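Just below is one structure, and these are the notes that go with it.
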Amino acid sequence: MKKILFQPCLWALVALSALATSCKETEGGTVAQRPTVNIELNEVSLTGVTATFTPSEGASKFDFALGLPSDEADFLAGNFLGTQTVLSNDPNFSAKTQSWTSDIEPDTYYVVYARAYDAAGNPGPLSARGFNSANDDFKVEIQYVSDVTAGFHVTCTNDYYKYAYAFGLAANKENDLLDFNDDVMAGMMTVSDVYDNYINSFRLADGSAYTLEPETEYVFYCKGFDRSNGTTDVIAINFTTAASDAVPNYTIEPGEMDFLQQHYTVTPNSLTSRVALWQNAYGTDYETTMFGPYNWKGDLLSMFSSWADDYTPETVNAMSRDFLTFSAVGETLEAAPYTYDMELEQTVEVYVLCYNDMFEPVNVRKQTFTTPALNESLPTSKASDFSVEMTKLTAGDLAFTVAYTGDAVRAYYYELYDGAGYDALVAADGEEAAKLTVRSEILASAGFIYNEPSATLTYTGTDVVAGKKYYVAIAPMNANGPREYGWGEVAMFPFTAE
C-alpha cells in the first residue's frame, strides 16, 4: 500500500469535520469563525520530527503536543502530560516551529495535535497530523546544504530494489506530495539496486540538475520500493538554502582556455579556510567513479577530501595532485587543469570544494565551462620557428634543447626518426608529403611539450646506433590543437649519433 509520510489519514478527517462545524450564528446574523491551527510537518528522521504551527486570525493562544492516536482524548481534556501552550505574545506565535528528538521510536505511528483558543478562552476545532516515523530499513538524511546546492544520503536494506526521489519548492508541497506519491511529480528520478547512495542537487540520476536559489525553502522527497511491490512512506524533508555569504563559499572566474589547458581563479569568502578544484576531463567515463554504485556513489565531500588527505595547513603556495588543485590556507586559488582529449568546444565540469575553519569539507558545487571554438584565423608555425641544439650525441645518452619563437606555437610532439627512412620518403614523395607522413607515424609514440618555448629533452638507454643518421622530428600546433587550422609545418633536424 502506498502511503504519504505526514498523511493526515483519520486525524485529518477529524480536523476537517471539526472545521466544518467551527462557525456559529450570532444574534446579529453574522458568522463567527472559531480559531484554528494549521500543522505543517517539516521533517521526520529516525530520531525526531519537526512541525510548524500557524494559528488563524483571532487566536489568542494554542496548545500542541506529540502523542499516539490513543492520546487524543487526554489532549482534548487538557490532561495530556506533553501538552505545550503558546501565547499570542510569543515572538514566534504566527509560525511556531517545534522539534521532538527524544520521544520518537523508529517505525511508529504518531500524531501531532493542536488546538487554538479565542480571547474568551473558547477552544477551536482539533487539528491533527499523523505520520510514521522513519526506520533503519530505509533511511534518508541531509548531508549538506549550502546556498545553491544540497546533498542527501539514502541507505536501505536489500529488501528495497529501487527508490525514487525529487526536489520541489516548499510552497508547492501539498500538491507535490500527492504527485510524488502517485509517481507523476515532474522531475522524479529512480535509482535501482543501490543500497547506499548520495544525491547531489546539481547531479541527478539522469545527469541533469535541480537548480537551487539562495535563501529559499525546498523539499526533498524520497520513497523506497520493496521486492513485494510495496513502497515505503514518502519521506519529505524540508530544507532552506543559506545566503551566499553565510556559508563557506567562493567565486570563480575562468581565464585563458585552449584545447588542452584551462585556467580558473577561485576566490574563497571569509568563512572558507581553503578550496580545492577538480575538473572532470574524462567525460562520462569518469561518472562511474564519482557516482557509480561500487565507487564513491556521489559522496563528493568524502571523495575529494580523501584525495586531499596528505594536504597540511602548513603548505604554502598552491599545490597539485593527480585530481585536485588546492589553495594555500586563506588564499585565492589559481588552478590550471587539463582536458587530455584535446577537444575544442568541449563542455567541462568544474567542481569546487570548500572547507570551513576546522578544515572540514562542507560545501561542493559544480559549474560547467566550454573550451574555445576553432579559430581559423590563428597563424600556424613554420619549421624556421624552431631550433634544436644537440648537447649530447652519445648513442645511449642523447640530449637536445628545442626552442621556438613567435606566438604561432602552443605545443608540439617530438620524436627521433630514422634518417635513411626520412630521406627515402623525401626522395619518393617530396619534402612536404614526407613531413606529413612523419607526423602521422610519430603521434602514437611521440613525446609532448606544452607551452614551453625552450625545453631540454633526453633519451637514455635507447636503440640509437652510433654513426647512424637520425632526425629530431617536431610536429607543432597552435592554440587550435592537433587538427586542421592547428597544425604547423613539421620541422626536421638531422644529427649523427656518436
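Numbered per mature numbering (1 follows the signal peptide of the UniProt record, and there is no 0), the sequence shown spans residues -20 to -1, 1 to 478.
From the three backbone atoms N, C-alpha and C, an ideal C-beta is built for every residue, glycine too.
Small disclaimer: the values here were computed from a predicted structure and weren't measured.
Would you decide whether residue i is buried or exposed? Buried here means 16 or more other CB atoms lie within 10 Å of its CB.
{"i": "Thr212", "result": "buried"}
{"i": "Pro359", "result": "exposed"}
{"i": "Thr292", "result": "Residue placement at Thr292 is poorly supported in this model, since its pLDDT is 49, which falls under 50; the coordinates are not used for a value here."}
{"i": "Asp238", "result": "buried"}
{"i": "Val296", "result": "Bear in mind that the predicted position of Val296 carries a pLDDT of just 34, short of 50, making it unreliable; the figure below should be weighed with that in mind. By the neighbour-count rule (16 or more Cβ atoms within 10 Å), Val296 is not buried but exposed."}
{"i": "Lys448", "result": "exposed"}
{"i": "Met472", "result": "buried"}
{"i": "Gly9", "result": "Reliability fails at Gly9, whose pLDDT of 45 lies under 50, so the model's placement of it is uncertain and the value that follows must be treated cautiously. So Gly9 counts as exposed."}
{"i": "Gly410", "result": "exposed"}
{"i": "Val120", "result": "buried"}
{"i": "Pro71", "result": "exposed"}
{"i": "Asp163", "result": "exposed"}
{"i": "Pro49", "result": "exposed"}
{"i": "Asn59", "result": "exposed"}
{"i": "Thr476", "result": "exposed"}
{"i": "Ala424", "result": "exposed"}
{"i": "Asp51", "result": "buried"}
{"i": "Gly210", "result": "exposed"}
{"i": "Tyr320", "result": "exposed"}
Check the C-beta distance from residue i over to residue j and give it rounded, since I have them as a contact under 8 Å.
{"i": "Val470", "j": "Ala459", "result": "Incorrect: roughly 18 Å between the Cβ atoms, too far for contact."}
{"i": "Thr245", "j": "Glu314", "result": "6 Å"}
{"i": "Val255", "j": "Val332", "result": "6 Å"}
{"i": "Tyr397", "j": "Val418", "result": "6 Å"}
{"i": "Leu149", "j": "Val214", "result": "With 8 Å as the limit, Leu149 and Val214 do not qualify as a contact, their Cβ atoms being about 16 Å apart."}
{"i": "Ser224", "j": "Phe339", "result": "The pair is not a contact, with the Cβ atoms about 21 Å apart (cut-off 8 Å)."}
{"i": "Val92", "j": "Arg109", "result": "5 Å"}
{"i": "Thr63", "j": "Phe73", "result": "Not a contact, Cβ separation roughly 17 Å."}
{"i": "Gln259", "j": "Pro317", "result": "4 Å"}
{"i": "Ala94", "j": "Ser113", "result": "With a Cβ gap of about 19 Å, Ala94 and Ser113 do not count as contacting."}
{"i": "Tyr430", "j": "Ala388", "result": "About 15 Å; that fails the 8 Å criterion."}
Under three-state DSSP, which class holds residue i?
{"i": "Ser270", "result": "Before going further, note that residue 270 is Met rather than Ser in the sequence given. Here Met270 sits in helix by DSSP."}
{"i": "Ile215", "result": "strand"}
{"i": "Leu396", "result": "strand"}
{"i": "Ile122", "result": "strand"}
{"i": "residue 498", "result": "Past the edges of the chain, shown from -20 to 478, lies residue 498, and the structure says nothing about it."}
{"i": "Trp276", "result": "coil"}
{"i": "Met283", "result": "helix"}
{"i": "Ala75", "result": "helix"}
{"i": "Thr191", "result": "coil"}
{"i": "Lys415", "result": "helix"}
{"i": "Tyr402", "result": "helix"}
{"i": "Lys346", "result": "strand"}
{"i": "Leu158", "result": "helix"}
{"i": "Pro49", "result": "helix"}
{"i": "Asn152", "result": "helix"}
{"i": "Ala471", "result": "strand"}
{"i": "Ser361", "result": "coil"}
{"i": "Leu106", "result": "coil"}
{"i": "Leu333", "result": "strand"}
{"i": "Phe55", "result": "helix"}
{"i": "Asp302", "result": "For Asp302, the predicted model reports a pLDDT of 48, less than 50, meaning its position is unreliable and no value from the coordinates is stated."}
{"i": "Ala222", "result": "coil"}
{"i": "Ala185", "result": "coil"}
{"i": "Ala146", "result": "strand"}
{"i": "Ala256", "result": "strand"}
Inspect the beta-carbon positions of residue i and residue j and report whether they are closer than 7 Å.
{"i": "Ala435", "j": "Val382", "result": "yes"}
{"i": "Tyr233", "j": "His243", "result": "Here the sequence assigns Glu to residue 233, which means Tyr is not the residue at that position. Result no, Cβ atoms of Glu233 and His243 do not sit closer than 7 Å."}
{"i": "Gly28", "j": "Ile84", "result": "yes"}
{"i": "Met478", "j": "Ala426", "result": "Here residue 478 is Glu; the residue named in the question, Met, does not match the sequence. Result no, Cβ atoms of Glu478 and Ala426 do not sit closer than 7 Å."}
{"i": "residue 494", "j": "Asn69", "result": "No answer is possible for residue 494: the residues shown for the chain start at -20 and end at 478."}
{"i": "Gly104", "j": "Thr16", "result": "yes"}
{"i": "Leu192", "j": "Val128", "result": "yes"}
{"i": "Ala146", "j": "Tyr201", "result": "yes"}
{"i": "Asp139", "j": "Asp206", "result": "yes"}
{"i": "Ala99", "j": "Ser40", "result": "yes"}
{"i": "Lys76", "j": "Asn177", "result": "no"}
{"i": "Thr170", "j": "Lys153", "result": "no"}
{"i": "Thr32", "j": "Glu20", "result": "yes"}
{"i": "Ser188", "j": "Ala130", "result": "no"}
{"i": "Thr305", "j": "Leu257", "result": "yes"}
{"i": "Tyr439", "j": "Leu373", "result": "no"}
{"i": "Asn22", "j": "Asn218", "result": "yes"}
{"i": "Pro456", "j": "Ser361", "result": "yes"}
{"i": "Val406", "j": "Ala400", "result": "no"}
To which residues does DSSP link residue i through a beta bridge?
{"i": "Phe42", "result": "Val66 and Ala96"}
{"i": "Ala424", "result": "In DSSP, Ala424 forms no bridge with anything."}
{"i": "His133", "result": "Glu121 and Tyr178"}
{"i": "Leu378", "result": "Leu373 and Tyr439"}
{"i": "Lys449", "result": "Thr476"}
{"i": "Pro462", "result": "The partner list for Pro462 (beta bridge, DSSP) is empty, contrary to what the question assumes."}
{"i": "Ala383", "result": "Ser367 and Ser434"}
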